[in-house]
Amino acid sequence: MLRRSVCPVTTSLLWFRRDLRLADHPALLAAAAEGEVVPVFVLDPRLLRPVGPNRVAFLLGALTDLQRRTGGALRVLTGDPVEVVPHLAEQVGASTVHVSSDHGSYGRERDAAVHARVPLTATGSPYGITPGRLLKADGTAYRVFTPFRKAWRDRGVRRPAAAGDIRWTDGGLPTDALPEPPASTAALPEPTEEAAHERWAAFRDGPLQDYRAARNRPGAEGTSRLSPYLRWGLIHPRTLHAGLDGSPGATAFATELVWRDFYADVLWHQPRSARWDLTGALARMRYDDPGPLFDAWRQGRTGYPFVDAGMRQLLAEGWLHNRVRMVVASFLTKDLHLHWTHGARHFMRHLVDADLASNSHGWQWTAGTGTDAAPYFRVFNPVRQGQEHDPDGAYVRRWVPELAHVEGRAIHEPWTLERLPDGYPERVVDHAAERAEALDRYREARA
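Taking numbering that gives the first Met the number 0, the leading residue of the sequence shown gets 0, the next gets one more, and so forth.
In structure tokens, the structure reads:
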């Protein structure tokens, strides 16, 4: 119900950020316990400038849905939150602003600046366990996933927050019209809370049971595709954990959710790792500068079908299968010898689910500068990866139509055919030679 507040004492302000939902929302319940709730979202130019059109389009769609679901109460303002949020709180007479905690480096700095002007009350976070909460026995942060996962399981995750009676009001505040979504050629998922729950139900009742095996097959519908919804908080990971039954598939899926918490925790303790090597192990590594080979990688024109299929999927859908993310990242860092940040920026621009912690640390895991216990000397073979995880070539045929007529495993090595299919490029590098070069550079850097 939408009401116009006449008693500022009973009005609270809820500042939405990465929690664009109404269900399982502790900060919303905390705000509602004080009275009528004014929902607010601030379009921060500092955050929007470097974001690609896919993420912006999805965000604006989610805000449109949230505006509808709050009965038109959602106020959307454009500007610096440090100025906008305290001003809004003053206008409605709110003594505090309710939020879900933010754990990125910029978000923490921004929230500290806002808090200096108006108190922020943080209830809940976008993660199963809030970053910074799990520490080793000696009080230090975890740097390896397996012990973090054990500590995570020992602690456990809270149950989803109960539904509450929410009395919405616009507080008499102005609102900006939502801008038109930027042009995006990607086929984006429906950006609504309802769609998130529908997707979760379809996955839970179907592919989840075979998830342990199917999650590595990009040609099959074996993954949840929930990452964009988790990124923007249209569904909370706590909701997902509560729906898991302990089966092998459910256990494997829960582990992937814990990886998300782990990378957020690493970033919380090491904010510089968003854009700099987490460790100094490869500080002396020689890297090449981006050039034509980087362009070929971005366009899906490397001559390696499994790599090219992934890069074309990224451009077409704003999403990329996790197995393929690792393969294309390894190709960039180990075969083309580029620093991981070049690829990470490309992903951040195109992925609708782009999350700074998961993206940066996923890249560093592959590059050998992050949390991986077996770092740089792991080099993914793009041919073998395709043969193992796309054995019938279904994934490659979907995204590389030049090879659609090639039968069987030969699709992963088109250069072995009598004639390279029309329109498909020659290999830009020889993997065996570049693998040897990568290991030579590794030994040199470690000497």
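For each residue, glycine too, the CB sits at the ideal point set by N, CA and C.
Open item on the list: Tell me the residue span of the alpha helix (DSSP H) that contains T278.
Closed with: From DSSP, T278 is part of no alpha helix (DSSP H); its letter is neither H nor E.
TODO: Report the three-state DSSP secondary structure of C6 (helix, strand or coil).
DONE: Confidence in C6 is poor, its pLDDT being 44 and thus under 50, which makes the residue's placement unreliable; the coordinate value appears in the next sentence. Residue state, collapsed to three classes: coil.
TODO: Could you tell me if K333 is buried or exposed, where buried requires 16 or more neighbouring beta carbons within 10 angstroms of its beta carbon?
DONE: buried
TODO: Note the first and the last residue of the continuous alpha helix (DSSP H) segment covering A315.
DONE: 304-316
Open item on the list: Alpha carbons only, please: which of V81, L87, A140, A136 is nearest the one belonging to A111?
Closed with: V81
- [ ] Please confirm whether G317 and A185 have their CB atoms less than 7 Å apart.
- [x] yes
- [ ] Ignoring anything shorter than 4 residues or poking outside the region 200-235, list the alpha helix (DSSP H) runs there in chain order.
- [x] 210-213, 226-230
Task: Contact check, S94 vs G123, beta carbons under 7 Å - done: no
Task: Backbone secondary structure at T158 - three-state DSSP - done: Checking the displayed sequence, the identity of residue 158 turns out to be Arg instead of Thr. Coil.
Open item on the list: Our contact map puts L207 next to G127 with C-beta atoms below 8 Å; I'd like the distance itself, whole angstroms only.
Closed with: Wrong, their Cβ atoms sit about 17 Å apart, outside the cutoff.
Task: Best match in E108, T10, A26 for proximity to R17 [C-alpha to C-alpha] - done: A26
Task: Extent of the continuous alpha helix (DSSP H) to which H341 belongs - done: 339-349
TODO: Identify, in the order they occur along the chain, each residue of the same chain with its Cβ nearer than 7 Å to the Cβ of L253, setting aside the five sequence neighbours on each side.
DONE: Per the sequence shown, residue 253 should be read as Ala rather than Leu. Excluding residues within five positions, the ones whose Cβ falls inside 7 Å are H240, L243.
- [ ] Rounded to whole angstroms, what's the CA-CA distance from A282 to D352? Just pull it up for me.
- [x] 30 Å
Task: Coil, strand or helix - S124 by DSSP - done: coil
Open item on the list: For G422, count the other beta carbons within 10 Å of its own beta carbon; 16 or more makes it buried, fewer makes it exposed. Which is it?
Closed with: exposed
Open item on the list: Can you confirm whether the region 325-339 touches the region 379-386 when touching is taken to mean that 3 or more C-beta pairs between the two stretches lie within less than 8 Å?
Closed with: yes
TODO: Establish whether the CB of A56 and some CB of chain D are separated by less than 7 Å.
DONE: Absent from the structure: chain D. Only one protein chain is present.
Open item on the list: So the candidates are H345, W267, D288, G367; which of them puts its Cα closest to the Cα of T129?
Closed with: W267
Open item on the list: For L416, count the other beta carbons within 10 Å of its own beta carbon; 16 or more makes it buried, fewer makes it exposed. Which is it?
Closed with: exposed
TODO: Leaving aside the five residues before and after P420 along the sequence, list all residues of the same chain whose C-beta is less than 8 Å from its C-beta, in chain order.
DONE: E401, L402, H404, V405, P413
Open item on the list: Is it the case that the region 218-235 contacts the region 189-204, given that we only count it when at least three CB pairs across the two stretches are under 8 Å?
Closed with: yes
Task: Alpha-carbon spacing of R230 relative to R418, whole angstroms - done: 44 Å
Task: Element boundaries [alpha helix (DSSP H), containing P85] - done: 80-91
Open item on the list: Using C-beta distances below 6 Å, list every residue in its chain close to Y262, excluding the 5 sequence neighbours before and after it, in chain order.
Closed with: A356, S357, H360
Task: Buried versus exposed, by CB contacts within 10 Å (16 or more), W275 - done: exposed
- [ ] Provide the residue(s) that pair with F40 in DSSP beta bridges, ordered along the chain.
- [x] F15, V75
Open item on the list: Here's the rule: buried if 16 or more other CB atoms are within 10 angstroms of the residue's CB, otherwise exposed. What is T9?
Closed with: exposed
TODO: Tell me whether the beta-carbon of L233 lies closer than 7 Å to the beta-carbon of L19.
DONE: yes
Task: H268: first and last residue of the uninterrupted alpha helix (DSSP H) it sits in - done: 247-268
Task: 7 Å CB neighbourhood of P304 in its chain, flanking five on each side removed - done: G385, V395, V399, L402, I410, H411, P413
Task: Local conformation of V327 per DSSP, three classes - done: helix
Task: DSSP-derived helix/strand/coil call for L46 - done: helix
Task: Beta-carbon proximity check, V113 vs V37, cutoff 7 Å - done: no
Task: Proximal residues to H338 (C-beta, below 7 Å), its chain only, five neighbours per side dropped - done: Y286
- [ ] Out of D43, A31, L319, D429, point me to the one whose CA is closest to L177's CA.
- [x] D43
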